[in-house]
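Engineer: Residue numbers (our numbering): 11 to 165. Handing you a structure now.
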């Protein structure tokens with residue numbers, strides 16, 4: 011009961027869209043609980059919801075990556091600064107840049123996968139735009155092509 015109350019309160023405070031607000035906070039709480047059960051030492055580290063969302067960008071799972079992008083986008087719209095977390099990680103930036111030019115669908119049905127792909131491209135575009143001043147495209151293979159692909163298609 012306490013977890014549900016905390017999830018509702020936190021997700022409402024972050025103004026997450028109703029269709030995924032509870033799930034995102036529950037995922038964070040489950041992740042934190044599992045991490046603490048394995049090794050309580052990370053409790054001394056600053057592990058925030060923002061760093062959790064940014065960490066999902068490196069996930070092998072397209073669904074997890076999409077969740078991370080959704081949360082980051084919402085938090086950044088609310089004024090959170092994710093630049094220090096994302097810009098110090100080449101893999102996070104490369105993942106976002108790759109998503110800009112991605113046209114592949116996931117393993118879901120064709121229309122669901124395409125919708126997720128479009129949503130991911132839009133979210134990645136907004137996140138990269140927010141961080142653009144700190145990204146040096148020459149350090150990321152395919153970055154120029156990914157960015158230019160946004161100009162060639164309608165998203």
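Cβ atoms here follow ideal geometry from the backbone N, Cα and C, with glycine treated the same way.
Under 8 angstroms, with one C-beta from each stretch per pair, do the region 43 to 50 and the region 58 to 70 reach the 3-pair mark?
Structural biologist: Because the criterion of three Cβ pairs below 8 angstroms is not met, the region 43 to 50 and the region 58 to 70 do not touch.
Engineer: Let me confirm a value: residue 133 is counted as buried when at least 16 other C-beta atoms fall within 10 Å, else exposed. Which label applies?
Structural biologist: With 16 or more Cβ atoms within 10 Å of its Cβ, residue 133 is classed as buried.
Engineer: From this set, 63, 84 and 93, which residue's C-alpha is nearest residue 4's C-alpha?
Structural biologist: Because the chain spans 11 through 165 in this model, residue 4 falls outside it and cannot be assessed.
Engineer: Leaving out five residues before and five after residue 159 in sequence, what residues of the same chain have Cβ atoms less than 7 angstroms from its Cβ?
Structural biologist: These residues qualify, in order along the chain: 110 and 111.
Engineer: Alpha carbon to alpha carbon, how far is residue 40 from residue 101? Give it in angstroms, no decimals.
Structural biologist: The alpha-carbon atoms of residue 101 and residue 40 are separated by roughly 24 angstroms.
Engineer: Residue 137 and residue 97: beta carbons closer than 7 angstroms?
Structural biologist: Not in contact: residue 137 and residue 97 (Cβ atoms no closer than 7 angstroms).
Engineer: Is the beta carbon of residue 95 closer than 7 angstroms to that of residue 139?
Structural biologist: Contact flag unset, no.
Engineer: Which term fits residue 78, buried or exposed, when burial requires 16 or more other beta carbons within 10 angstroms of its beta carbon?
Structural biologist: Buried.
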